[in-house]
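Quick mapping for you: the protein sequence lines, in order, are chains A and B.
Each residue of the first sequence is one higher than the one before, counting from 1 in this note's numbering.
Each residue of the second sequence is one higher than the one before, counting from 342 in this note's numbering.
Protein chains: 2
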Amino acid sequence: MARRRDATMEDVANHAGVALSSVSRVLNDHPDVSDRMKQRVMGAIADVGYEPNLLASSLRRGSTKTIGFLASDISNPLFAEIALGAERRLDEAEYTMVLTNSEGSGERDEEMIRLLRWRRTDGLILSVSDERRAGTLVELARLDVPVVLIDRDVKGLDDASVVTSDHARGMRSAVDHLIELGHTDIALISGPRQLRPARERLRVFRRAFRDQQLEPPEHLLRIGSFSAQSGEQATLDLLASDRPPTAMIAGGNLLLTGVLRALRRRKLTVGRDIALVSCDEVPLTELHSPPITVIARDAVHMGDLAAELLLERLVGDAEPRRAVVPTSLIVRDSTKKARRR
Amino acid sequence: MARRRDATMEDVANHAGVALSSVSRVLNDHPDVSDRMKQRVMGAIADVGYEPNLLASSLRRGSTKTIGFLASDISNPLFAEIALGAERRLDEAEYTMVLTNSEGSGERDEEMIRLLRWRRTDGLILSVSDERRAGTLVELARLDVPVVLIDRDVKGLDDASVVTSDHARGMRSAVDHLIELGHTDIALISGPRQLRPARERLRVFRRAFRDQQLEPPEHLLRIGSFSAQSGEQATLDLLASDRPPTAMIAGGNLLLTGVLRALRRRKLTVGRDIALVSCDEVPLTELHSPPITVIARDAVHMGDLAAELLLERLVGDAEPRRAVVPTSLIVRDSTKKARRR
DNA sequence: TGGCTAGTTGGAAACGATACCAGTATCCTC
DNA sequence: GAGGATACTGGTATCGTTTCCAACTAGCCA
């Protein structure tokens with residue numbers, strides 16, 4: 001089906017016997033076009049099989065109607081949902097979303113941001129892999145378009161909108177819940193400090209203990225990556241220690257699968273031998289036996305909100321602002337009375 | 342940080358006191374450039390803070406170095422993995438992937454294909470929501486760039502490469518396995534016939550029975566959408582029927598969560614009260630109690646392969662071809678001896 | 001020394017659209 | 001019927017690149 005050359009507006013104009021600019025006006029439905037002109041041009045468009053070239057249009061217009069989305073791990077269902085929410089919202093506003101992935105690498109963060117800049121996307125939604133990296137900040141500073149961060153705090157970047165989730169509240173209620181059940185040897189398995197969610201969870205985890213006049217169990221903290229493998233290793237490690245935990249908090253859905261694998265290998269039963277809380281709802285948390293207590297939040301909504309904040313600035317020319325998505329503790333059978341020791 | 346106007350190659354040329362075309366040659370490292378020229382231009386680029394405009398470049402060059410990916414449901418972890426595989430591969434070859442989503446709507450299939458065409462992507466990887474839709478075929482026919490279909494058969498589209506998975510083999514061994522365990526009342530819960538995977542599974546499901554001189558249990562077929570809700574409804578429906586199944590096959594990971602919800606509601610235990618097989622490995626299948634027998638395939642590899650087939654045609658100028666990804670049955674505790682009736 | 005080639009460079013025409021500025025025709029209004 | 005506003009249309013510069021072609025320089029050989 002290869003045609004020799006795509007028809008252009010000029011071809012349309014020639015075929016219709018009108019000026020190029022008139023074709024443009026018709027296509028952008030400019031107020032000053034007669035019905036007759038509209039008819040002729042539309043006819044010619046159909047005749048020659050014209051299709052707009054959005055590249056040329058964007059170049060001239062200075063706007064691509066495209067938004068870049070950078071996720072730190074696209075295969076994580078959490079990000080898939082955020083992306084879904086964002087895409088839906090952007091699509092409504094006639095924007096196309098370019099989804100890219102840094103796979104946990106700060107270096108790729110930089111490359112992707114640069115690439116999106118060069119492609120002249122009209123705005124960016126970012127969930128970078130490393131908030132602290134200097135190079136990333138440099139790339140961001142060169143940016144000339146609105147930015148929305150998702151659950152990230154990049155210091156030095158003051159003119160970005162931010163969507164965060166209320167990790168503090170969620171983690172707080174999780175720890176309180178466990179303490180109330182009689183647990184004090186609570187392990188926290190979480191991701192790297194370069195990322196806000198991990199930092200927040202850790203901060204509040206410790207604080208929750210202190211507020212109850214308890215010493216945070218530093219020996220039960222395991223800070224690694226957000227991967228399943230990291231979760232599995234950390235759990236095995238904890239279980240092999242002198243004083244293993246009676247409860248665990250997994251800081252993400254990938255970590256959770258690692259934790260569960262490890263528990264299964266050690267033949268421990270969740271809810272009976274050890275209490276378990278996870279972060280972010282996935283099918284597994286609900287359908288596990290026993291069902292797993294979880295700190296939940298609405299990921300699709302986060303994406304939607306991110307797109308919203310971006311559009312505010314793009315269309316409405318509003319100021320950057322912060323939005324917080326609530327979290328809530330869903331208590332299930334994985335957290336019960338602590339075993340007597 | 343808003344600069345008045347981005348620096349262009351012309352600014353670089355002026356600053357360096359050379360011609361615009363020389364700057365271009367340096368940037369595209371053309372063979373005929375002296376070292377001295379290279380130095381001067383590079384210096385000027387740094388001085389004025391020049392950054393390439395990929396829009397203008399693409400327009401002139403006639404290639405965007407961009408590939409469109411259309412998924413029928415991006416929030417499905419299966420597609421997330423396929424996208425991941427494809428993106429990795431494309432990224433190596435310096436292509437950017439634009440990920441879009443038709444959310445199960447054939448109408449959006451059309452719109453998205455049209456949009457990608459207008460944006461002049463160099464190639465497309467498609468997993469459309471409806472293979473049979475006439476409008477989609479029209480949009481595809483207008484396309485002038487290589488296309489790879491993922492697990493879809495669009496008849497009338499002869500010049501596309503295709504990556505499929507060997508559903509036949511997987512389904513065949515699943516049914517054989519269940520029959521061998523003594524099951525004959527086997528239910529199949531699957532997606533719409535517009536999609537190849539569903540069609541293939543159904544075809545082979547029936548055939549497997551006939552090959553064993555058995556009548557396929559038509560009353561236990563439930564063909565709906567691929568959603569969790571559809572799976573739940575179908576299961577409840579089956580369980581309420583005169584002669585409920587002793588085994589079930591769920592044709593996808595979303596369907597599976599629906600099936601499990603329904604079974605839980607009816608207080609049935611997987612593996613004891615009813616045998617269960619699912620399609621596509623997810624954390625839930627492995628970590629469920631009991632673990633769920635599954636027809637598995639390597640989704641990341643499928644994406645990788647799709648990108649590969651596309652690059653073959655883009656870079657290597659090869660002919661379209663078909664590739665098949667194997668499936669394998671992983672037997673777990675969810676399929677055991679049939680209960681005596 | 002003349003002429004030829006190879007290595008570099010500059011100039012200008014595309015690529016396919018949009019938007020500004022004029023120009024013409026039409027219609028009121030007094 | 002003159003004047004001016006209004007509705008439409010055409011021509012052309014421009015967006016930021018790449019690419020083709022011509023021109024210039026230097027080196028080399030006869």
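The beta-carbon is built from N, C-alpha and C at its ideal position, and this holds for glycine as well.
Using a 10 Å radius around the Cβ and a threshold of 16 neighbouring Cβ atoms, would you call Glu351(B) buried or exposed? exposed
At which residue ranges does the stretch 81-119 of chain A contain complete alpha helix (DSSP H) runs of 4 or more residues, listed in the order of the chain? Runs of the alpha helix (DSSP H) inside the stretch 81-119 of chain A: 106-118.
Rounded C-alpha distance that separates Glu541(B) from Glu448(B): 24 Å
Using the rule of at least 16 other Cβ atoms within 10 Å of the residue's Cβ for burial, across every protein chain shown, is Glu110(A) buried or exposed? buried
Under 8 Å from the C-beta of Glu422(B): neighbouring residues of chain A: Ser75
Leu604(B) classed as buried or exposed, judged by whether at least 16 other C-beta atoms fall within 10 angstroms: buried
Close Cβ partners of Leu214(A) (< 7 Å) along its chain, the five nearest in sequence each way excluded: Thr184
Identified DSSP bridge partners for Phe700(B): Residue coverage of chain B in this structure runs from 342 to 682, which leaves residue 700(B) outside it and unanswerable.
Per DSSP, what are the beta-bridge partners of Val611(B) in this structure? Ile615(B)
With a threshold of 8 Å on Cβ separation, who are the neighbours of His642(B) within its own chain once the five nearest residues in sequence on each side are excluded? Gly426, Val666
Do you know how far the Cα of Asp614(B) is from the Cα of Arg681(B)? With a pLDDT of 46 at Arg681(B), under the threshold of 50, the predicted position of this residue should be treated as unreliable, though the coordinate-derived value follows. So the two alpha carbons sit approximately 10 Å from each other.
Less than 6 Å between C-beta atoms, sequence neighbours within five positions excluded: which residues of the same chain meet that for Ala588(B)? Leu519, His524, Ile527, Ala616
Among the residues of its own chain, which have a CB less than 6 Å from the CB of Leu529(B), if the five just before and after it don't count? Phe546, Leu562, Ile590
Gln554(B) in three-state terms, based on DSSP: coil
Can you find the residues in the same chain that come closer than 6 Å, C-beta to C-beta, to Ile415(B), ignoring five residues on each side of it along the sequence? Asn442
Tell me the rounded alpha-carbon separation between Ile386(B) and Ser57(A). The alpha-carbon atoms of Ile386(B) and Ser57(A) are separated by roughly 27 Å.
Short of 6 Å in beta carbon distance, which residues of its chain neighbour Lys677(B), apart from the five on each side in sequence? Order them along the chain. Gly612
Taking the straight line between their C-alpha atoms, what separation do you get for Arg25(A) and Thr66(A)? 23 Å
Does any C-beta atom of chain B lie closer than 7 Å to the C-beta of Ser161(A)? no
Answer with buried or exposed for Glu92(A), where buried requires no fewer than 16 other C-beta atoms within 10 angstroms of its C-beta. exposed
Between Ser470(B), Thr437(B), Arg455(B), which lies nearest to Trp118(A) when the distance is taken from Cα to Cα? Thr437(B)
Report yes if the C-beta distance between Ala659(B) and Val504(B) is below 7 Å; otherwise report no. With respect to the 7 Å criterion, Ala659(B) and Val504(B) are not classified as neighbours on the basis of their beta carbons.
With 7 Å as the threshold, decide whether the Cβ of Leu78(A) is near any Cβ in chain B. Put simply, the CB of Leu78(A) is far from chain B, with every gap to its CB atoms at 7 Å or more.
Sequence ranges, beta strand (DSSP E) only - wholly within the stretch 498-554 of chain B, length at least 3: You should have 502-506, 527-531.
Exposed or buried, what is His629(B) when buried is set at 16 or more other beta-carbons lying within 10 Å of its beta-carbon? buried
Buried or exposed: which applies to Asn28(A), given that a residue is buried once 16 or more other Cβ atoms fall within 10 Å of its Cβ? exposed
Are the C-beta atoms of Thr462(B) and some chain A residue less than 7 Å apart? Not closer than 7 Å to any Cβ of chain A, the Cβ of Thr462(B) fails to qualify, so no.
Could you check the C-alpha separation between Ala412(B) and Ile295(A) for me, to the nearest Å? For Ala412(B) and Ile295(A), the distance between alpha carbons rounds to 29 Å.
Residue from Phe69(A), Asn53(A), Asp211(A), Arg61(A) whose Cα sits closest to the Cα of Gly403(B): Asn53(A)
Between Pro632(B) and chain A, is any beta-carbon pair separated by less than 7 Å? no
Would you check if there are 3 or more beta carbon pairs closer than 8 Å linking the stretch 308-317 of chain A to the stretch 132-150 of chain A? These segments touch.
Whole angstroms are fine: how far does the CA of Val18(A) sit from the CA of Arg5(A)? 21 Å
If you check the beta carbons only, do Glu131(A) and Gln39(A) fall under 7 Å apart? no
Helix, strand or coil at Ala44(A) according to DSSP, with G and I counted as helix: In the structure shown, the three-state DSSP call for Ala44(A) is helix.
Taking only beta-carbon atoms, is Leu70(A) less than 7 Å away from chain B? no
Chain A residues whose Cβ lies nearer than 9 Å to that of Val618(B): Chain A residues near Val618(B): none, gap ~16 Å exceeds 9 Å.
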